[in-house]
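A short worksheet on the structure shown next.
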Ligand SMILES: Nc1ncnc2c1ncn2[C@@H]1O[C@H](COP(=O)(O)OP(=O)(O)OP(=O)(O)O)[C@@H](O)[C@H]1O
Ligand SMILES: [Mg+2]
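Protein chains in written order, with the working numbering: chain A, 21 to 299; chain B, 6 to 277; chain C, 155 to 413.
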């Protein structure tokens, strides 16, 4: 594949100063993402996935190396780069509808169009009945869906999604995965999605980036060369899934030697993932 | 590789203006007071306002020195402080008792709270004329008024503090078969302390405000009296000095409360 | 907790003490147990209330007091919110002004009266200035604290959505400070009423409910003082209620609190 790199992450290192010491959250990470590509990222908790997304979105520019979007260095946030945060981060004083409208606040669109887009996205995430509800009246999954709608509504060039379906039930999750895929296919938005769900990663991604912790590095990138629409239960998909899982297990195995007891649990949770969410 | 440190969540600061950036925090804080003093000095020097409306700063300073040297300021401050301490102690003790009683017993709450709330609605200043008729204008009046100022917030905050103690802690107490007294001493009161402290803070502030009020209306000594007297004689320097003295006492009380609160906070952290 | 005591029982308990006090009052003043000059009979108080209300235009006095209160409160709170927003959002303004403000706020409210009377006289203007000052201080303090505590993660959302400074203020800082502002407004309402009474006591020119109380005391008319004090309480109570409903309205986005 020889596509134009749309997002170029070049030798990026990000360190945090933590109680006197310095913690390397990302160590010399390089990742090129093509225009219109769907990249998914998996990795153990704390391996720097959120950190990487924040750098990509321009929310954090305090790094070594370079982050380039469409040929221009990223030096701050932009409406062309959308972000769906790991926690929904809804504004508690705004109704669901107005929270979603925040995504269009600076879009310059006329009011009527904004209204229509908001309604459309409420529908998309199944929250039409809750348009006038306040965030505290939503369940965790509903709040997360509202956050997704806010990230999507202004149709950015690139959308970074940090575990967007983490708090959803299996059925809503599969439905939203398909909706997201449809939007991606239709709008050709470049998408970078972080997830802990390996099935989701291989189902959605053109490529799956596997990260390893301490320090945060890219361990392997697995291509999912399968045509879409994909069948969740297809043997070919399961093969890719197993490869990703193996690779992931090895990354956690690496820590295994460091901290035996705790990590055992982590790898256990990874392999406990249901083989298919939608059998 | 250079180590870059930044704490997540702190919005990056805009580059500040050079001028202020160079000045220390302390120096920046002084800019406004110095500007006001200068303006004051220029205004009185040029005679923009009559002496009776704005005395010269030098004059106020001299007056202050005299009043300190003669012990006058200290005397009036002492009188006021004594009143506040006695009144506050009485009012706070009563408020604490009522707050605890209402907090612990729903029956007491049912009986006492409506009347208490009605009583609390009347501003302290409202009571002064009524009490002047009842008890005259001597020391008793002042103590009662100051005590009332402390009583209401103290009772209210103690009550809510006790009522807001998480039932989970109380359950722990039940599980450990604490007696009622142990429950109170080991769980309820410690958990209610931050709220009680808020009561003390408001109580002291209200006491101090009430004191100034009652001294303005009926007193022949104390800082409030100094204010009225200076006003009547059109000695604005005296008025300003009394205001500064009142401000300093308020400041010291505030600092005292803050450090006590810190002490309590530390103890809370140590316990956790 | 055991089964909640019924509403009726609680009500009965609640009115027990007040009724008992009223009876004790009536009995002691009628029987001559207490000097009626100090404790006038209920009937006497009622008659005085009627006299003041109907013949002496008490409502007019009350209206004057409330107008002052409202005008001062509105001025003080508008200035307060604006001033605090400036201090909270501008580091420079904060560092320049806040230390001075913190020093000045230590001066007890009523201590300003003599100075205000020298500068603004005894008329309406002086009273409104004083009432505005009373509302201003708690509103500034609370608004400022509330804004400084604006949640960092929402500020980051604002950055991601490219909020401009005014959007940041209107969409994040002010709404997230709303609970604190509401507290400030509540305190401001209470203090401004206190200040209205204070202004009418000490800057005693013109009509007002505070003037009624002072006049009652000067005439040694306990019934008149009582009527005045009762009305002071009633207004205080109404203002408190008003503050609560205002708070509930401003904070309707919050989960309902257990009170
Ligand atoms: N602001 C910060 N200050 C200090 N350390 C940080 C900060 N942000 C992240 N880190 C550290 O960087 C590492 C990576 O964090 P990050 O949030 O990117 O992990 P993650 O891969 O998203 O984990 P999870 O799957 O749990 O969300 C962690 O060790 C974390 O403690
Ligand atoms: Mg994360």
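All C-beta atoms, glycine included, are put in the ideal place defined by N, C-alpha and C.
If you draw a straight line from the C-alpha of residue i to the C-alpha of residue j, how long is it?
i             : j             : result
residue 218/B : residue 398/C : 27 angstroms
residue 244/A : residue 246/C : 54 angstroms
residue 331/C : residue 393/C : 22 angstroms
residue 372/C : residue 197/C : 22 angstroms
residue 412/C : residue 76/B  : Interpretation of residue 412/C is limited by its pLDDT of 39, a score under 50 that renders its predicted location unreliable; the figure taken from the coordinates is listed afterwards. If I take the Cα positions, the gap works out to 53 angstroms.
residue 63/A  : residue 266/A : 12 angstroms
residue 141/B : residue 133/B : 10 angstroms
residue 168/C : residue 79/A  : 58 angstroms
residue 51/B  : residue 59/B  : 12 angstroms
residue 149/A : residue 264/A : 39 angstroms
residue 369/C : residue 161/B : 32 angstroms
residue 86/B  : residue 336/C : 33 angstroms
residue 366/C : residue 213/C : 11 angstroms
residue 201/C : residue 79/B  : 49 angstroms
residue 249/A : residue 202/A : 9 angstroms
For ligand 4, is there any heavy atom lying closer than 7 angstroms to the beta carbon of residue i?
i             : result
residue 259/B : Judged by which ligands are present, ligand 4 is missing from the structure shown, whose ligands are ligand 1 and ligand 2.
For residue i, collect the residues of the same chain with a Cβ closer than 7 angstroms to its Cβ; drop the 5 residues on either side in sequence, then sort them by chain order.
i             : result
residue 117/A : 138, 142, 151 and 152
residue 170/A : 119, 120, 122 and 123
residue 67/A  : 231, 232, 233 and 236
residue 5/B   : In the structure displayed, chain B extends from 6 to 277; residue 5/B sits before or after that span and is not available.
residue 39/A  : none
residue 72/B  : 78 and 246
residue 283/C : 270 and 274
Hey, could you find the ends of the alpha helix (DSSP H) residue i is sitting in?
i             : result
residue 211/B : 194 to 222
residue 81/A  : It is not in any alpha helix (DSSP H) - residue 81/A carries neither H nor E in the DSSP assignment.
residue 192/A : 190 to 207
residue 71/B  : 62 to 74
residue 94/A  : Careful: residue 94/A lies outside any alpha helix (DSSP H) and carries neither H nor E.
residue 33/B  : 30 to 50
residue 146/A : Counting along the chain, residue 146/A falls outside any alpha helix (DSSP H), and DSSP gives it neither H nor E.
residue 258/C : 245 to 258
What residues in its chain sit with their C-beta under 8 angstroms from that of residue i, if we drop five residues either side in the sequence?
i             : result
residue 191/C : 374 and 376
residue 93/A  : 86 and 87
residue 42/A  : 35 and 36
residue 57/A  : 23, 26, 210, 211, 226 and 227
residue 170/B : 192, 193, 196 and 197
List the endpoints of the continuous beta strand (DSSP E) containing residue i.
i             : result
residue 41/A  : 41 to 54
residue 330/A : With chain A covering only 21 through 299, there is no way to say anything about residue 330/A.
residue 237/A : 237 to 243
residue 232/A : 227 to 232
residue 58/A  : 58 to 63
residue 276/C : Careful: residue 276/C lies outside any beta strand (DSSP E) and carries neither H nor E.
residue 180/A : 178 to 182
residue 110/A : No beta strand (DSSP E) holds residue 110/A; DSSP gives it neither H nor E.
Using a Cβ-Cβ cutoff of less than 6 angstroms, which residues in the same chain neighbour residue i once the five nearest sequence positions on both sides are dropped?
i             : result
residue 95/B  : 152
residue 219/C : 350, 362 and 363
residue 48/A  : 31 and 33
residue 263/C : 288
residue 224/B : 230
residue 51/A  : 29
Return no unless some Cβ of chain E is closer than 8 angstroms to the Cβ of residue i.
i             : result
residue 111/A : Considering every chain present, this structure includes no chain E. Its protein chains are A, B and C.
Inset, instruction - Could you please tell me which residues of the segment 324 to 337 of chain C, in chain order, have their CB closer than 9 angstroms to any CB of chain A? - result: 325, 326, 329, 330 and 332
Legend entry - Residues passing the C-beta test against ligand 2 heavy atoms, cut-off 7 angstroms: 69/A, 70/A, 106/A, 182/A, 183/A and 214/A
Inset, instruction - Anything in the segment 293 to 327 of chain C with a Cβ closer than 8 angstroms to a Cβ of chain A? List those residues in chain order, please. - result: 307, 308, 310, 311, 313, 314, 315, 316, 317, 318, 321, 325 and 326
Inset, instruction - Mind checking the segment 195 to 225 of chain C against chain B and listing, in chain order, the residues whose C-beta falls within less than 9 angstroms of any C-beta there? - result: none
Inset, instruction - Can you give me, in chain order, the residues of the segment 125 to 148 of chain A that have a beta carbon less than 8 angstroms from any beta carbon in chain C? - result: 125 and 126
Legend entry - Interfacial residues, the segment 342 to 374 of chain C to chain A, with Cβ spacing under 7 angstroms: none
Legend entry - Contacting positions in the segment 181 to 215 of chain B - beta carbon closer than 7 angstroms to chain C: 213 and 214
Inset, instruction - Compile a chain-ordered list of the residues in the segment 169 to 187 of chain C whose CB is closer than 9 angstroms to at least one CB of chain B. - result: 169, 170, 171, 172 and 175
Inset, instruction - Taking only beta carbons into account, state which residues of the segment 267 to 278 of chain C come closer than 8 angstroms to chain B, listed in chain order. - result: 267, 268, 269, 271, 272 and 273
Inset, instruction - For the segment 241 to 254 of chain C, enumerate the residues whose C-beta is nearer than 9 angstroms to any C-beta of chain B, in chain order. - result: 245, 246, 249, 250, 251, 252, 253 and 254
Legend entry - Positions along the segment 79 to 107 of chain A whose CB lies within less than 9 angstroms of some CB in chain C: 79, 96, 97, 98, 99, 101, 102, 103, 105 and 107
Inset, instruction - With 8 angstroms as the limit, tell me which residues of the segment 63 to 84 of chain B have their beta carbon closer than that to any beta carbon of chain C; keep them in chain order. - result: none
Inset, instruction - With 7 angstroms as the limit, tell me which residues of the segment 249 to 260 of chain B have their beta carbon closer than that to any beta carbon of chain C; keep them in chain order. - result: 251, 252, 255, 256 and 259
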